[in-house]
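J.:
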Amino acid sequence: MPVFARATSPAGPYKNGPFRLGTAIAFGGVPVLPGDVIIGDSDGVVVIPREQAAAVADAAEAVFADETNRRQAIVAARS
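Per this note's numbering, the sequence shown starts with residue 79, numbered consecutively.
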């Protein structure tokens, strides 16, 4: 699994200091809530709100199936 980062850090910002788990943050000006889905690749990063994740996954699968069918039709037309 690839890991994407802008820079490296040998340690976090606090060694034994403040820490909060399960709180909202802003990442690049985009709000990220606990449970949100974050997906990144070489093209960028997207934050999908938890309540929309299933619908987004269904839509992505439909687009993938459509693109697969189109590729197969193009290959078949060349034969």
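Every residue, glycine too, gets a C-beta built ideally from N, C-alpha and C.
Treat the numbers as computed from the prediction; the structure is a model and nothing was measured.
Quick one: measure Cβ to Cβ for residue 102 and residue 110, integer angstroms, because I've assumed they're closer than 8 Å.
T.: Indeed they touch by this definition, with Cβ atoms about 7 Å apart.
J.: Can you list, in chain order, the residues of its chain whose CB lies under 6 Å from that of residue 125, leaving out five sequence neighbours each side?
T.: If we look at residue 125 and ignore the five residues flanking it on each side, its Cβ neighbours are 108, 110, 114 and 116.
J.: Identify whether residue 105 lies in helix, strand or coil by the three-state DSSP scheme.
T.: Residue state, collapsed to three classes: strand.
J.: If we ignore side chains and look at the alpha-carbon of each, how far apart do residue 239 and residue 100 end up?
T.: Residue 239 lies beyond the range of the chain shown here (79 to 157); nothing can be said about it.
J.: Does DSSP put residue 81 in a helix, in a strand, or in coil?
T.: Residue 81 falls in the coil class under three-state DSSP.
J.: Grouping DSSP H, G and I as helix and E and B as strand, with all else coil, what is residue 144?
T.: Looking at residue 144 - three-state DSSP - the assignment turns out to be helix.
J.: Would you tell me roughly how many angstroms separate the C-alpha atoms of residue 134 and residue 128, rounded to the nearest one?
T.: Approximately 10 Å, taken between the alpha carbons.
J.: Excluding the 5 residues flanking residue 112 on each side, which residues of the same chain have their C-beta closer than 6 Å to its C-beta?
T.: For residue 112, where only same-chain residues beyond five positions count, the Cβ hits under 6 Å are 100.
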